[in-house]
Structure formats: structure tokens, C-alpha cells
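Asker: So the protein sequences, as listed, match chains A and B. Under my numbering, residues 142 to 429 are what the first sequence spells out, in order. Under my numbering, residues 690 to 1006 are what the second sequence spells out, in order. For glycine and all other residues, C-beta sits at the position ideal for the given N, C-alpha and C. Pasting a structure here, questions to come.
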Amino acid sequence: MAGAASETPTAHPSDNMRARARAGSPVARLRRISWSPALLLLGLVFLVALFAPLLLGDRAFRVDLNAMLEPPSAAYPLGTDENGRDVLARLLWGARATIGIGLGGAALAVVIGVALGAAAGYCGGWIDGTAMRVVDFALAFPSLFVILLFSAVFNTGVPQLIVLIGLTGWMTVARLTRGVVRSLATSPFVESAQAIGASDVRIAVRHVLPNATSVLLIASLSQLNRAILTEATISFLGMGVKPPEPTWGNLLIGAQDYLWSAPWLAVVPGVAITATLLAIFTLGDHRR
Amino acid sequence: MLAFAVRRTGQIALTLLLLLLGTFAVLRAAPGGPAPVLLGADYWSPEREAAINESLGLDRPLPVQLVLWGRAVLVGDFGYSYFHRRPAADVVAERIAPTLVLGLVAWVLSLVVGVGLGMLAAHRQGSLLDRAISACGVLALSTPTFWLGIVLIVVFAAWLNVLPSAGLVTIGNEDSLADKAWHLILPALTLAAANGATLVLYTRAATLEVLGADFVRTAHAKGLGRRIVALRHVLRNAAIPIATVAGLSLAHLLEGSLVVETVFAWPGIGHLTVSSVARRDFPVLMVIALVVGCIVVATTFLTDVVYRWLDPRLGYE
Chain A
142 MAGAASETPT
152 AHPSDNMRAR
162 ARAGSPVARL
172 RRISWSPALL
182 LLGLVFLVAL
192 FAPLLLGDRA
202 FRVDLNAMLE
212 PPSAAYPLGT
222 DENGRDVLAR
232 LLWGARATIG
242 IGLGGAALAV
252 VIGVALGAAA
262 GYCGGWIDGT
272 AMRVVDFALA
282 FPSLFVILLF
292 SAVFNTGVPQ
302 LIVLIGLTGW
312 MTVARLTRGV
322 VRSLATSPFV
332 ESAQAIGASD
342 VRIAVRHVLP
352 NATSVLLIAS
362 LSQLNRAILT
372 EATISFLGMG
382 VKPPEPTWGN
392 LLIGAQDYLW
402 SAPWLAVVPG
412 VAITATLLAI
422 FTLGDHRR
Chain B
690 MLAFAVRRTG
700 QIALTLLLLL
710 LGTFAVLRAA
720 PGGPAPVLLG
730 ADYWSPEREA
740 AINESLGLDR
750 PLPVQLVLWG
760 RAVLVGDFGY
770 SYFHRRPAAD
780 VVAERIAPTL
790 VLGLVAWVLS
800 LVVGVGLGML
810 AAHRQGSLLD
820 RAISACGVLA
830 LSTPTFWLGI
840 VLIVVFAAWL
850 NVLPSAGLVT
860 IGNEDSLADK
870 AWHLILPALT
880 LAAANGATLV
890 LYTRAATLEV
900 LGADFVRTAH
910 AKGLGRRIVA
920 LRHVLRNAAI
930 PIATVAGLSL
940 AHLLEGSLVV
950 ETVFAWPGIG
960 HLTVSSVARR
970 DFPVLMVIAL
980 VVGCIVVATT
990 FLTDVVYRWL
1000 DPRLGYE
């Protein structure tokens, strides 16, 4: 009798909800999401990032020496940069690097943070103490400095940036997760699951974590914001994705020299970053 | 209290030691090293690179390098900057003051404006003012610091031509304090923006939480005026989390200075870090790592002490 609970799948109240949510065609499911301007903007950004090569070909890299530093016009809706390249094309292509690295870095930070935080919060005792000591120690180093130091030594391309951003961001997630898991670990439903003999891992994953989703979602969104901002900053400082590969950050490197003559070069990428970050932030607010 | 201080000092020393070891290992593990940068593409040859590496001591085994470097550090010799050809410690020491000035001014500014607006928003929750302040805070948080700096330069220096766009002083006016203050305005504003926004949102949340407490209701019920309640009861209790965030934000300001100093060509440590990274100037980077580590660790420690002093419920464990 003792092993029965872990052998047969137990019915869960949320199973019914999940079954209903899965019902209907993809279009019906799409319609059920509460669309907001923020979500639409993010969807647009994501699609642009995904399909930029198809839409643009090589327009983001083509140099037209007759049209350097042109203001916005019919041919070039956002003007051209100091190398004669189409700013709009570079902006759209730049979404790939920024969003890609942002998503990757945030995902890594969340995975590491949730795993360590949940383990610390659920196990308690010396595991918890050591984990939190490690978190405090890791928090002592400002992430930008750490990433810059690494980029002084090693070549920082896209994968390295994702790893660096993830490794410098997991600490906040871990702290949050640990807090939530600790408060949930003493709940009655956890106690009863332990009483019928469910394993610790099963309890943590199947019962505790689903109840922490709202906190984790907000943490994930703020990690995404942080990752995008970090990537843009590192690329702006010249140590991230390097030209000619565009990213919203490094589009501003060249713009700095032409602030008097071509201010649109500086304005456009920043608007893109700000709008995206605002949309992500608003999304988090909506969910609440 | 004494045991607390001793234990904390031990932790700080350990952290700094590990920081130095880590930085040393990372920098020395660099493929290539400074020789290619020092020689430049035209002048480079394997023999010249070997000669430079030997003169800089980079061809010795790693543990030997560490011991030699450790011994030198203990007497205050941090080696010569590869790029500036001067003692690395001097190069860094010259640039600490501008960063400290910029950082402290920005910190005070963000503290005053951030906490003030945050409390205002909380006391008038739901009003148009509250929503405007919160929206501005969110907007400031979403704006990349480097872009904000560039936009401010475009608006105030290029367009309106009222503020300088770069540097610490105008050439020829080196002794004028007013000129320095003039140059400080835009960088300080830029640096204070993100931090101030965090403080506004955090203060608002913390104050709202305190405002909902029973003792505030009791104070009002006793007949105390709104201002007295706000100052004596709400502020005192909300100050605890706010002080923590404010203290820890100093480290964030240090990160922000990396970007702000680059945009405004402010001759501080942030700018030095970025240029040294590009030049792979290891001695300078090691000194900067030590300085930054000390600053961060010191501010965290001070914040911890202040936090425990403000809230008597916490012990000094």
C-alpha cells in the first residue's frame, strides 16, 4: 500500500484545467490569450528576430558609399549610417542578437537559479546555509565588471555572452525561489504528500514549484529585461557582439561620433530597446 | 557586536582574496596576452612577442607568477601599466576621485529624488500623481543608461547648446570648480536615473506596505496629524528596507559609471576599465578589480551595519 501513490498517477485538481486549456484548435487557443499592446509588440519583435534573414536578405550588411549618413527618406526609411548601410535593416537584423542573447541568458539564469533555490529552500539545513553563502559571495561581484573582465581575456561571441549573462544573473532568482519554496515547504499539502510517501524530488517538482509560478514568472521577466540590457550595454562598450553583425547596442557605437550631424542614428536603436523592455515589464504587471 | 565585526572582517578578507586570485587566474589565462596589442599588427613578430613576454615575466609558470605578484602587492607595487608605461597603481589612483565624485553626487541625487517621489506616490496612492510617478519610474528603468546619456547630449549639448557634452573641465579652466560642476550635471543625471527609478518604485512599495499596518491606523485614530504619522511612524519603519536598497545601490552605481563615464568621456575608473579591457592592460585591470572589490564589499558591510542598527529586532549574528 505504501508504494501505491508513486506507482499509479494521482488525479490532480489542475489536471482538469489543463485538459480544458488544451481543448480546441490552435486558432481558438490563440484567441483565448488576452492580447495587449505589450504582448503584440513583443510578438512582433520576436517574429522580426526570427524571420529577419528571410525578409531582409543581406540588406543589413550592404554598403552604399554614395549614401552615407543620409537622413530618413523614401529609399531608407530610417536613414543610413556612417558606412552607408540601411539603418532600418540593421535595426531589424539587430533584434536577432539582442533578443536571442537576452532569451538565452535569462533562461540560463532562471534554470540555475530555480534549481539551486528550490533545492536550498526545500532541503533546508546546511544545504540551505551553504547555498545562500555562495549566493552572497557571487553577488559581491558587479556583473558588468565580471563580463568585461572575461571579454578582456577571451573572445566573447554569442554563446559566451549567453553563458556569462546567465552565470551573473542566477543569484536573484535563487534567492526568490528559495524564499517561496521555504514558505511553501511547510504547507499541509506538502506534508500530506510526504506522508503518503512521495519522493522529495517529486514533491518539489510536481507540487511545490507549480504553486510558485507567479513569483517565478515575474522573476523570469525581470531576468529577461536584465539580460537584454546587459547585452546592449556590453555590445555598446565594444566587448559584445562586434560589427558588422548588428545588435541594438553596437548600433550606437558609431552613432556617438555623429550626434550633431546625424542624431537619428542614436535615437532609433534606443527607442527599440526601451520599447521592448517596457513591453516586457508591462507583461509582468498584467499577469499580476 | 564585536564578534559580528570580527566575523564580517574575516568574510571580507576571504572574499577579496578569492577575488584577487580569480582575477589573476582569468587574466593570466588569456590566450595571446598583451604582446599583440602592445606591438601592433605591423610591428609584431614571434621573437618580439617572446621578448616582451619575458620582460613582463609572463613566460614563467603560473604559480611562480602568482607568488611574485603577491609579494609585490604586499609592498604596494602593482606593476607597470602596459599601455600607460607608468605604475598601474598611479594610473588608477589618479582616476578614483572623479568616479567617487560622480558616484556620490548621483547617489545623493537618486536618493533624495527617488525616496521623496516614492513616498509622495505612496501617500497619494491611486491619484494621477501616483500613476505619473510610477510610469516615469518604469520608463526610466527601461531606458538603457548609455542611450539616456546619448539622448541628453543630443538634446542639451547639440540641440540647445546649454551643457557640455564631455569631459571633466574645459581646457584652460582646470581650476574652476564651477566649470567642473557644470560638466558634472549631465553625467550625474544620467547615472542617477536608473538608480532613482529603482528607489522610487521600491520606496513606494515599502511605504505602501507600512501604510497598511495596524499601528498606522491606530496613530490616525489617536488623532495624530497626517504629517506626523508620515514622518514619525511610517518613515521610520519604511526606512529599514529603503536603507538596505539605497546602500546596495552604490554597487549598481559603480556599474553604471562604466557606461556613463564612457559616454561622457569622464576621466574616472569606469572609463579606465573599458579602455583597459580593450587594450588588455592586465596590471591596471588587477588594480581596478581590487579597488572595485573593496568598494563593493565596504558598502555591503556598511549597509549591513546600518540595517541592523535601524532595526533592533535583528541581532548582530
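Would you verify that the beta carbon of B:S799 is, or is not, closer than 8 Å to some beta carbon of chain A?
Answerer: No, its Cβ sits nowhere closer than 8 Å to a Cβ of chain A.
Asker: Using a beta-carbon distance below 8 Å, is B:F835 in contact with chain A?
Answerer: By this cut-off, B:F835 is an interface position.
Asker: At least one CB of chain B closer than 8 Å to the CB of A:V346: is that the case?
Answerer: Output row for A:V346: interface = no.
Asker: Express the C-alpha separation of B:G901 and B:F971 in angstroms, rounding to a whole number.
Answerer: Approximately 53 Å between the Cα atoms of the pair.
Asker: Assuming B:T896 and B:G803 make a contact with CB atoms under 8 Å, what is their CB distance in whole Å?
Answerer: Actually they do not touch by this definition, with Cβ atoms about 12 Å apart.
Asker: At a CB distance below 8 Å, what residues from the region 271-294 of chain A approach chain B? Give them in sequence order.
Answerer: Of all residues in the region 271-294 of chain A, F278, A281, F282, P283, S284, L285, F286, L289, L290, F291, S292, A293, V294 have a Cβ within less than 8 Å of some Cβ in chain B.
Asker: When burial is assigned at 16 or more other CB atoms within 10 Å of the CB, is B:H909 buried or exposed?
Answerer: Exposed.
Asker: Among the residues of its own chain, which have a CB less than 6 Å from the CB of A:G262, if the five just before and after it don't count?
Answerer: The residues are R319, V322, R323.
Asker: Among B:L873, B:Q700, B:C983, which one has its Cα closest to the Cα of B:L791?
Answerer: Of the listed residues, the one whose Cα sits closest to B:L791 is B:L873.
Asker: Can you list the residues of chain A that B:E738 reaches, using a CB-CB cut of under 8 Å?
Answerer: The premise fails here: B:E738 is roughly 17 Å from chain A at the closest Cβ pair, so nothing lies under 8 Å.
Asker: Helix, strand or coil for B:P776 per DSSP?
Answerer: Strand.
Asker: Mind checking if B:T988 is an interface residue toward chain A, Cβ cutoff 8 Å exclusive?
Answerer: Chain A, which has no Cβ nearer than 8 Å to the Cβ of B:T988, makes this no.
Asker: I'd like the list of long-range same chain contacts for B:P787, defined as Cβ closer than 7 Å, with 5 residues on each side in sequence excluded.
Answerer: The residues are L857, W955, P956, G957.
Asker: Could you pull out every unbroken alpha helix (DSSP H) segment of at least 4 residues lying fully inside the region 249-288 of chain A, listed in chain order?
Answerer: Counting whole runs of 4 or more residues, the region 249-288 of chain A contains the alpha helix (DSSP H) stretches 266-280.
Asker: What's the call for B:V949, buried or exposed, on a 16-neighbour Cβ count within 10 Å?
Answerer: Buried is the call here.
Asker: Cα separation between B:S823 and A:L424?
Answerer: Spanning the two alpha carbons is a distance of roughly 16 Å.
Asker: Kindly indicate if chain A contains any beta-carbon less than 8 Å away from that of B:R784.
Answerer: Not closer than 8 Å to any Cβ of chain A, the Cβ of B:R784 fails to qualify, so no.
Asker: For A:E211, which residues in the same chain have their Cβ closer than 7 Å to its Cβ, ignoring the five residues on either side in sequence?
Answerer: Answer for A:E211: Y217, G220, T221, listed in chain order.
Asker: Measuring alpha carbon to alpha carbon, tell me which of B:V985, B:T992, B:G826, B:K869 ends up nearest B:L708.
Answerer: For the residues B:V985, B:T992, B:G826, B:K869, the minimum Cα distance to B:L708 belongs to B:V985.
Asker: Can you tell me where the alpha helix (DSSP H) holding B:Q700 begins and where it ends?
Answerer: Residues 691-717.
Asker: Please return the same chain residues whose Cβ sits closer than 6 Å to the Cβ of A:R200, not counting the five positions on each side in sequence.
Answerer: Only D227, A230 meet the Cβ criterion.
Asker: Closer than 7 Å, Cβ to any Cβ of chain A: which residues of the region 890-924 of chain B, in chain order?
Answerer: So the list is empty, because no residue satisfies the distance condition.
Asker: Taking CB distances under 8 Å as the criterion, tell me whether A:A407 reaches chain B.
Answerer: True, the Cβ-Cβ gap to chain B drops below 8 Å.
Asker: According to DSSP, is A:T327 part of a helix, a strand, or is it coil?
Answerer: Correct three-state label for A:T327: coil.
Asker: Could you check what DSSP says for B:Y771 in three-state terms: helix, strand or coil?
Answerer: Reduced to three states, the DSSP call for B:Y771 is coil.
Asker: Rounded to a whole number of angstroms, what is the C-alpha to C-alpha distance between B:T992 and B:A932?
Answerer: So the alpha carbons of these two residues sit roughly 7 Å apart.
Asker: For A:W176 and A:G184, I'd like the C-alpha separation in whole angstroms.
Answerer: Cα-Cα distance, rounded: 10 Å.
Asker: With a Cβ-Cβ cutoff of 8 Å, do B:N884 and B:S831 count as a contact?
Answerer: No, these two residues do not count as a Cβ contact at 8 Å.
Asker: Return the chain-ordered list of same chain residues with a C-beta closer than 7 Å to the C-beta of B:R916, the five sequence neighbours on each side being excluded.
Answerer: Once the five neighbours on either side are set aside, B:R916 has no close Cβ partner at all.
Asker: Determine the burial state of B:W998: buried for a count of at least 16 other Cβ atoms within 10 Å of its Cβ, exposed for fewer.
Answerer: Counting Cβ neighbours within 10 Å, B:W998 comes out exposed, since fewer than 16 surround it.
Asker: Please go through the region 361-411 of chain A and give each complete beta strand (DSSP E) segment of 3 or more residues, from N-terminal end onward.
Answerer: Segments of the beta strand (DSSP E) lying fully in the region 361-411 of chain A: there are none.
Asker: Report the residues of the region 967-980 of chain B with a CB closer than 9 Å to any CB of chain A, ordered along the chain.
Answerer: Result list: A967, R968, R969, D970, F971, L974, I977, A978.
Asker: Tell me where the alpha helix (DSSP H) around B:N926 begins and ends.
Answerer: Taken as a continuous stretch (DSSP letters only), the alpha helix (DSSP H) holding B:N926 covers 924-952.
Asker: Using the rule of at least 16 other Cβ atoms within 10 Å of the residue's Cβ for burial, across every protein chain shown, is A:T388 buried or exposed?
Answerer: Per the 10 Å Cβ criterion, buried.
Asker: Assuming B:Y891 is part of the alpha helix (DSSP H), what are its boundary residues?
Answerer: Element bounds for B:Y891: 866-900.
Asker: Counting only C-beta atoms, is A:Q301 closer than 8 Å to chain B at any point?
Answerer: With 8 Å as the cut-off, A:Q301 does not count as an interface residue toward chain B.
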